[in-house]
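Engineer: First to last, the protein sequences are chains C and Z. Counting from 1, one number per residue, gives the positions in the first sequence under full-length UniProt numbering. Counting from 1, one number per residue, gives the positions in the second sequence under full-length UniProt numbering. A virtual CB, placed ideally from N, CA and C, is assigned to each residue, including glycine.
Protein chains: 2
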Amino acid sequence: MTASSALPYQRLHVELDARRYPIHVGPGLLDDPDMLVPYLAGQQVMIVTSETVAPLYLERLKHALSGDGRDVREIVLPDGEHTKTLASVERIWDALLAAGFNRRCTLVALGGGVIGDMAGFAAACYQRGVAFVQVPTTLLSQVDSSVGGKTGVNHPRGKNMLGAFWQPRAVVIDTRTLTTLPARELSAGLAEVIKYGLIQDVDFIAWLEARMSALRALDADALTDAILRSCAIKAEIVAADETEQGQRALLNLGHTFGHAIESHQGYGNWLHGEAVGAGMLMAAALSQRLGWLEPDEVLRVEALIAHAGLPVTAPASMSGDDFLSIMRLDKKNIDARLRLVLLSRLGDACIHDATPSDMLDALLTDFPRR
Amino acid sequence: MTASSALPYQRLHVELDARRYPIHVGPGLLDDPDMLVPYLAGQQVMIVTSETVAPLYLERLKHALSGDGRDVREIVLPDGEHTKTLASVERIWDALLAAGFNRRCTLVALGGGVIGDMAGFAAACYQRGVAFVQVPTTLLSQVDSSVGGKTGVNHPRGKNMLGAFWQPRAVVIDTRTLTTLPARELSAGLAEVIKYGLIQDVDFIAWLEARMSALRALDADALTDAILRSCAIKAEIVAADETEQGQRALLNLGHTFGHAIESHQGYGNWLHGEAVGAGMLMAAALSQRLGWLEPDEVLRVEALIAHAGLPVTAPASMSGDDFLSIMRLDKKNIDARLRLVLLSRLGDACIHDATPSDMLDALLTDFPRR
């Protein structure tokens, strides 16, 4: 037993029948073989990481995974949403084949959501599917993309157009990795944390209002609690609806508006979480127009999003028509109807595909710009 | 109801829990909307076919799928195993995105195994998975690759290295498409038919010995019976072991030897079925050396393979060492052990990873060449 295995950590499980898997959360887990080695399929391990994360954590993770004759290799990819392409995933496959790795190998994603999405997709399709472990190092990937099994890449014609549902064997969240995360990216991750409160847990909204300053100051206990609560809500929703036929769509609160902002402004100029922050406020404002939220509830949402360091306005360069034309292409639409996730009340979301078009037009025109 | 729906056909189901799907077998099914339309997910349909098959059957299938306002399009790909690449699958994805197809579209594979494998992989990963229907037009794809959900493409470093398990919603087998199939490809398909007898059904071996001439003369009833019996055996094995953890590996009888021949000779010079034909005889001969088959049983296997028009010798240019070096790379090996599917008796196969290396060397050296 290593020293680090005596560290405190917490655990929850994602319940997916035969593919039940644990999420471990705590400080220092990256260095703990006991958190990682039990989830490897065999002796062949490929760490997939990025140029930013590799200098910080690659050698430590490699050290934790090595031993017992294991063949641990790495592939280091460039950073950024624009690298989330099929060509990057092909580089992972080429590396696996060049290493002679067989169907009992394991891919370990070390990095943010882009790395996790690409490594997961590579694992899903290498020899028709191999083992996969997530070690997410950004708050966004810890509370969102590392849970739920969505993997994939972008295509010039759209985000996440190619991919697979592929579950990890384990998610290992070392909260200390957040100490090296830029403040702007911490805020982007908080957008998704706030989302879980808005869609499912009004008590969590109140907890976040009280603890937001502690979270932004990287208080260890606050972070562990927020990550665990977020993962628990997401895990519950995913377990009920693995392939997004119904309830899972609620996780897209703010995302249809947010994707429109990201797409119009160019991916990477607005961070995903920033666009979701503004998008959630747009969803709340539309919910108010439908008579589902009170004005002071929308102000409460706005204050929480602002307190997290996120934008509460849309880009000045984006017209209502810009929003509409991009939103109509969203792959969450079924046939011709525009489906939106809205708030039926604080802490409760719904899917709505019958918003009057003049009401939506007015919201998109009137929503504050900056 | 159309005239063609009054035609006789037979049906069996592949039992995969929520993904149970039917296989329809009979003459003229290609023209019958009732065989096809109930399995479409929505209004958007993309037929994936090849340059050889398109002039023969594309317009007829399009006609059967059209109507009710459906948007039916096609993508026609070049023929041949060497086109089974990620680049070809990217062409399918580009066509789907250019058409604006959403996650409720359906891909329909019209052609042989290469088309089915690529269209299935494209369906598995387009927007993380869309509906898929198989209309196989070669005997090989009708009895083998269209059943079981294996999809994928080759990589310069190996066959079928990238792919997914993805089940069709239905398999529609029109036996009349075999009238346009070259005799050599019919024989290649018969290799897999014989395989089902050898691994699981000694009575089917006797039936094939009696009906082989009728099958090669395209006797309609004989073809329907042979296809149904083959699909039933494969469906039963696949249902018990969808992701190839155990019993499903028995379907690889002759394939480890056969892949070595294909790989050494260049894919396409030996047809897959031809290589499997010779490979099954090599497996039978090795089973005899292990004391599991009598010499006259091996002669019976040899006569049946020869009667199907398949080779019963290995390539003269291939040494025993050539076989060994390629077989050791086979992805069916787990860690370092060479796993072979052999015959414990006629009509019963087993997985064996403890063949004495001098016995295997002798078989590979002594097996007849031509």
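Can you tell me whether residue 395/C is buried or exposed, with buried defined as 16 or more other CB within 10 angstroms of its CB?
Structural biologist: As displayed, chain C neither begins before 1 nor continues past 370, which places residue 395/C out of reach and without an answer.
Engineer: Is it buried or exposed, Arg369/C, if we count other Cβ atoms within 10 angstroms and call 16 or more buried?
Structural biologist: Classification of Arg369/C: exposed, given that the 10 Å Cβ count is below 16.
Engineer: Hey, how far is the Cα of Leu96/Z from the Cα of Met118/Z?
Structural biologist: Whole-angstrom Cα-Cα distance: 14 Å.
Engineer: Pair every Cβ in the segment 197 to 214 of chain C with every Cβ in the segment 46 to 53 of chain C, then say whether three or more of these pairs are closer than 8 Å.
Structural biologist: At 8 Å Cβ cutoff, the stretches do not touch.
Engineer: Buried or exposed: which applies to Glu59/Z, given that a residue is buried once 16 or more other Cβ atoms fall within 10 Å of its Cβ?
Structural biologist: The residue in question, Glu59/Z, is exposed, as its Cβ has fewer than 16 Cβ neighbours within 10 Å.
Engineer: Bridge partners of Trp270/Z, per DSSP?
Structural biologist: Its beta-bridge partners are Tyr267/Z.
Engineer: Excluding the five sequence neighbours on either side, which residues of its own chain have a C-beta within less than 8 Å of the C-beta of residue 446/C, listed in chain order?
Structural biologist: Outside the displayed range of chain C (1 to 370) lies residue 446/C, so it cannot be described from this structure.
Engineer: I think Val172/Z touches His24/Z, with their Cβ atoms under 8 Å apart; what is that distance to the nearest whole Å?
Structural biologist: 5 Å between Cβ atoms; contact.
Engineer: Please report how far the alpha carbon of Leu299/Z lies from the alpha carbon of Thr138/Z, in whole angstroms.
Structural biologist: Their backbone Cα atoms lie some 28 Å apart in a straight line.
Engineer: For the segment 160 to 176 of chain C, enumerate the residues whose C-beta is nearer than 7 Å to any C-beta of chain Z, in chain order.
Structural biologist: Cβ contacts with chain Z come from Met161, Leu162, Gly163, Ala164, Phe165.
Engineer: Name the DSSP beta bridge partners of His63/C, please?
Structural biologist: In DSSP, His63/C forms no bridge with anything.
Engineer: Any beta carbon from chain Z within less than 7 Å of Arg216/C's own beta carbon?
Structural biologist: So, not an interface residue.
Engineer: Could you pull out every residue in the same chain whose Cβ sits closer than 6 Å to the Cβ of Val72/Z, ignoring the five residues on either side in sequence?
Structural biologist: Excluding sequence neighbours, Val72/Z sits near Val45, Lys62, Leu65, Ser66.
Engineer: What do you reckon, are the CB atoms on Gly163/Z and Phe121/Z nearer than 7 Å?
Structural biologist: Yes, the pair counts as a contact, with Cβ atoms nearer than the cut-off.
Engineer: With 16 other CB atoms within 10 Å as the buried threshold, where does Asn252/C fall?
Structural biologist: By the 10 Å Cβ count, Asn252/C comes out buried.
Engineer: Does chain Z have any CB closer than 7 Å to the CB of Arg128/C?
Structural biologist: Yes, Arg128/C lies at the interface with chain Z (some Cβ there is under 7 Å from its Cβ).
Engineer: Any beta carbon from chain Z within less than 7 Å of Arg157/C's own beta carbon?
Structural biologist: It does; some Cβ of chain Z falls within 7 Å.
Engineer: Locate the beta strand (DSSP E) running through Phe165/C, then write down its first and last residues.
Structural biologist: Taken as a continuous stretch (DSSP letters only), the beta strand (DSSP E) holding Phe165/C covers 158 to 165.
Engineer: By Cβ distance below 8 Å, which residues in the same chain neighbour Ala349/Z in space, the five residues on each side in sequence not counted?
Structural biologist: Once the five neighbours on either side are set aside, the close Cβ partners of Ala349/Z are Leu198, Ile199, Gln200, Leu250, Leu253, Val341, Leu342, Leu343.
Engineer: Can you check which of these residues, Glu185/Z, Ala210/Z, Asp353/Z, is closest to Ala275/Z by C-alpha distance?
Structural biologist: Checked all of Glu185/Z, Ala210/Z, Asp353/Z; the closest Cα to Ala275/Z is Glu185/Z.
Engineer: Below 8 Å CB to CB, which residues in the same chain sit around Arg11/C once its five sequence neighbours on both sides are set aside?
Structural biologist: The answer, listed in chain order, is Pro22, Ile23, His24, Val25.
Engineer: Residues of chain Z with a CB under 7 Å from the CB of Lys84/C: which are they?
Structural biologist: The premise fails here: Lys84/C is roughly 14 Å from chain Z at the closest Cβ pair, so nothing lies under 7 Å.
Engineer: Go through its chain and collect everything with a Cβ distance to Ser5/Z's Cβ below 6 Å, but skip five positions before and after it.
Structural biologist: Only weak support exists for where Ser5/Z lies, its pLDDT of 36 falling under 50; the value from the coordinates is given anyway. These residues qualify, in order along the chain: Asp32, Asp34.
Engineer: Name the two residues that bound the continuous beta strand (DSSP E) containing Glu74/Z.
Structural biologist: Looking at the DSSP string, the run of the beta strand (DSSP E) that includes Glu74/Z is 71 to 77.
Engineer: Closer than 7 Å by beta-carbon distance: list the chain Z residues that pair up with residue 409/C, in chain order.
Structural biologist: The requested residue 409/C does not occur in the structure, where chain C is confined to residues 1 to 370.
Engineer: Which same chain residues, not among the five before or five after Ala124/C, have their C-beta less than 6 Å away from its C-beta?
Structural biologist: So the list reads Thr151, Ala164, Trp166, once near-sequence residues are dropped.
Engineer: Looking at the unbroken beta strand (DSSP E) that takes in Arg345/Z, where does it start and where does it end?
Structural biologist: Looking at the DSSP string, the run of the beta strand (DSSP E) that includes Arg345/Z is 340 to 345.
Engineer: Is His272/Z buried or exposed, if buried means 16 or more other CB atoms sit within 10 Å of its CB?
Structural biologist: By the neighbour-count rule (16 or more Cβ atoms within 10 Å), His272/Z is buried.
Engineer: Cβ atoms of Ala308/Z and residue 371/Z: under 7 Å apart, would you say?
Structural biologist: Because residue 371/Z is not part of the residues shown, which for chain Z are 1 to 370, the question remains open.
Engineer: Which residue marks the beginning of the alpha helix (DSSP H) containing Gln43/Z, and which one marks its end?
Structural biologist: Run containing Gln43/Z: none; DSSP gives neither H nor E here.
Engineer: Counting Cβ pairs closer than 8 Å, one from the segment 217 to 229 of chain Z and one from the segment 312 to 327 of chain Z, do we hit at least three?
Structural biologist: Because the criterion of three Cβ pairs below 8 Å is not met, the segment 217 to 229 of chain Z and the segment 312 to 327 of chain Z do not touch.
Engineer: Assuming contact is defined by CB atoms lying nearer than 7 Å, are residue 445/C and Ile92/C in contact in what I supplied?
Structural biologist: Residue 445/C lies beyond the stretch modelled for chain C, which goes from 1 to 370, so this question has no answer here.
Engineer: Can you list, in chain order, the residues of its chain with a C-beta nearer than 6 Å to that of Gly258/Z? Leave out the 5 residues immediately preceding and following it.
Structural biologist: Excluding residues within five positions, the ones whose Cβ falls inside 6 Å are Ala275, Val276, Gly279.
Engineer: Distance cutoff 7 Å, beta carbons only. Does Ala191/Z sit that close to anything in chain C?
Structural biologist: No, because no Cβ of chain C sits closer than 7 Å to the Cβ of Ala191/Z.
Engineer: What number of angstroms, rounded off, separates the C-alpha of Ile115/C from the C-alpha of Pro136/C?
Structural biologist: Straight-line Cα distance between these residues: approximately 9 Å.
Engineer: Using CA coordinates, which residue listed in Gln127/C, Tyr9/C, Gly112/C, His82/C is at the minimum distance from Gln134/C?
Structural biologist: Ranking the options by Cα distance to Gln134/C, first place goes to Gly112/C.
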